[in-house]
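A.B. asks: Chains as they are written, first to last, in our numbering: chain P, 122 to 377; chain C, 122 to 377.
Beta carbons: idealized from backbone N, C-alpha and C, even for Gly.
If you're wondering where the values come from, they're calculated on a predicted model, not measured in any experiment.
The structure follows.
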């Protein structure tokens, strides 16, 4: 599809911000890998703490990096058809969900093998709430935006909620990661944390990088000049589809 | 000033959402008070853990409840002049800042008296960053929006950044509170946390209430239908002021 001239103006710094999100997101994944792989002894699937180590890595990849990138597709692929970008959005979220479930199985498996109680900490409460709401949001999003039978006006009603709660869950996932970092450090390195042990400093910096990733992704998707503008052809198609289904007027001609 | 008819439509659920924010915010303050006052022994200014107890209460009052309410004034006082609401916004933030500084002095005083190292944890890093950025945001906001000499176009350029980083800092303050809850529970109740001790459950629920406060405040201030609409008189005044100062066109006729 041809580039939409309406979108050409004011995109200015967008590619730099997208680059910043990717550098921060990949840095977070690499730092989590180094923390678990080097300082915490590596990875295995044997019920020991090496199985636990799979948990932070999968969560940072799934609930943070891929989740964030899935939100960003609406700002990166500006010249594709909206349906293509929606499918990409759902597909990346699905991969994120698979990584998240592997990370969840790892921590429950470790707890079970070591007789450690489950679901008592604020981290676990926030984490489980995030994952359950993520699954619900994914299924409801699929039904509303990719199944053909849903009317234009219903989609227009649900879209702002999907966008708000999607971003809210992303922030909650980052907050939950920070809680996980704090818990892990207090359990693993205990008193050396207060002596600025290298592992503690690395994990703290990882926390700041996660916050930086959240801030830049949030900025890119909420800045009004960078919002997705539906092309005139798609707008006409949507209006045609709307006329076919019912007569309510949509809230706004802009997409999410 | 008379009610603006432009704003009358679609406010529908706004009062209920405002009420929900206040119930959640006050619940968070009361729960922090009960946690520190009942389970952790009360408050004092004597270098013991009772001085530490002042810290969470002041932070939840200052960096969370009052900070959130200061953001909300633009949605609550819709029929006042914008200058009045700006002054109220700055004044509530100032009270929040005072509470925050008292909370900060309490924890540093406690650490100093007990020879506990400072500034090693992710909680302390996030907290200090939040407070420094909060001070900078307050001073820059005062200069840009309340000092008379700043041009309309400069204000219009800075406004979206002030709004985005203001909300970002609010979310960071809530995240920092959750980190503080986790640290405090692991230091204070240790192994009984995993046995679902009442204090741990109360503090976890406090964490969820803080998240609920953040989510509802965020929803109220970002929902497009509820945004502040400048009245025709103020719009005319602004345009007149703009014409007097320079000729750039503002980004948008809407306020923050």
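#1: Should residue 169 of chain P go down as buried or exposed, given a rule of 16 or more other Cβ atoms within 10 Å for buried?
#2: To the nearest angstrom, report how far apart residue 280 of chain P and residue 255 of chain P are at their CA atoms.
#3: Taking buried to mean at least 16 other C-beta atoms within 10 Å of its own C-beta, is residue 177 of chain C buried or exposed?
#4: For the segment 250-272 of chain C, which residues have a beta carbon sitting closer than 7 Å to at least one beta carbon of chain P?
#5: Using the rule of at least 16 other Cβ atoms within 10 Å of the residue's Cβ for burial, across every protein chain shown, is residue 207 of chain P buried or exposed?
#6: Just to confirm the assignment: which complete beta strand (DSSP E) runs, minimum length 3, are found wholly within the segment 196-259 of chain C?
#7: For residue 326 of chain C, which residues from the same chain have a beta carbon less than 8 Å from its beta carbon, with the 5 sequence-adjacent residues on both sides left out?
#8: Anything in the segment 310-327 of chain C with a Cβ closer than 8 Å to a Cβ of chain D? List those residues in chain order, please.
#9: With C-beta atoms as the reference, is residue 215 of chain C less than 9 Å away from residue 299 of chain P?
#10: In this structure, how does DSSP classify residue 134 of chain P when only helix, strand and coil are distinguished?
#11: For residue 296 of chain P, which residues from the same chain have a beta carbon less than 8 Å from its beta carbon, with the 5 sequence-adjacent residues on both sides left out?
#12: Who are the near neighbours of residue 161 of chain P in its chain, counting only those whose CB is closer than 6 Å to its CB and skipping five residues on each side?
#13: Among C/196, C/201, C/322 and C/217, which one has its Cα closest to the Cα of residue 339 of chain C?
#14: In angstroms with no decimal places, state the Cα-to-Cα distance between residue 320 of chain P and residue 156 of chain P.
#15: Using a cut-off of 7 Å between C-beta atoms, extract the partners of residue 161 of chain C located in chain P.
#16: Cα-Cα, which of C/164, C/184, C/167 and C/268 is closest to residue 331 of chain C?
#17: Whole angstroms is fine: what's the gap from residue 204 of chain C's alpha carbon to residue 259 of chain C's?
#18: So, does the CB of residue 283 of chain C fall closer than 9 Å to a CB anywhere in chain P?
#19: Using a Cβ-Cβ cut-off of less than 8 Å, list which residues of the segment 288-301 of chain P approach chain C; keep chain order.
#20: Start and end of the alpha helix (DSSP H) containing residue 344 of chain P?
#21: At the level of alpha carbons, what is the spacing between residue 140 of chain P and residue 286 of chain C?
#22: Give a yes or no on whether the minimum CB-CB distance between residue 238 of chain P and chain C is below 9 Å.
#23: Please classify residue 190 of chain P as buried or exposed, where buried requires at least 16 other C-beta atoms within 10 Å of its C-beta.
#24: Run down chain C in chain order and give the residues with a C-beta less than 7 Å from the C-beta of residue 244 of chain P.
C.D. replies: Taking the geometry as given:
#1: The residue in question, residue 169 of chain P, is exposed, as its Cβ has fewer than 16 Cβ neighbours within 10 Å.
#2: Each residue's CA atom was taken as its position, placing residue 280 of chain P and residue 255 of chain P some 15 Å apart.
#3: Label assigned to residue 177 of chain C: buried.
#4: Hits within the stretch: zero.
#5: Using a 10 angstroms sphere on the CB of residue 207 of chain P, the tally of other CB atoms reaches 16 or more, which defines it as buried.
#6: Taking only runs of at least 3 residues, no beta strand (DSSP E) segment lies wholly in the segment 196-259 of chain C.
#7: If you ignore the 5 residues before and after residue 326 of chain C, its C-beta comes within less than 8 Å of the C-beta of 152, all in its own chain and listed in chain order.
#8: Here chain D cannot be found, since the structure's protein chains are P and C.
#9: With a cutoff of 9 Å on beta-carbon distance, residue 215 of chain C and residue 299 of chain P are scored as not near each other.
#10: Coil.
#11: 247, listed in sequence order.
#12: Answer for residue 161 of chain P: 174, listed in chain order.
#13: The shortest CA-to-CA distance from residue 339 of chain C to any of C/196, C/201, C/322 and C/217 is the one to C/196.
#14: The straight-line gap separating the alpha-carbon atoms of residue 320 of chain P and residue 156 of chain P is approximately 7 Å.
#15: Under a criterion of Cβ atoms nearer than 7 Å, no residue of chain P is adjacent to residue 161 of chain C; the nearest Cβ is some 17 Å distant.
#16: For the residues C/164, C/184, C/167 and C/268, the minimum Cα distance to residue 331 of chain C belongs to C/184.
#17: Residue 204 of chain C and residue 259 of chain C have their alpha carbons spaced roughly 16 Å apart.
#18: With 9 Å as the cut-off, residue 283 of chain C does not count as an interface residue toward chain P.
#19: Contact residues of the segment 288-301 of chain P toward chain C are 289, 292, 293, 295, 296, 299 and 300 (C-beta to C-beta distance below 8 Å).
#20: Run containing residue 344 of chain P: none; DSSP gives neither H nor E here.
#21: If you draw a straight line from the Cα of residue 140 of chain P to the Cα of residue 286 of chain C, it is about 20 Å long.
#22: At a cut-off of 9 Å between beta-carbon atoms, residue 238 of chain P makes contact with chain C.
#23: Buried.
#24: Per Cβ cutoff of 7 Å: 303.
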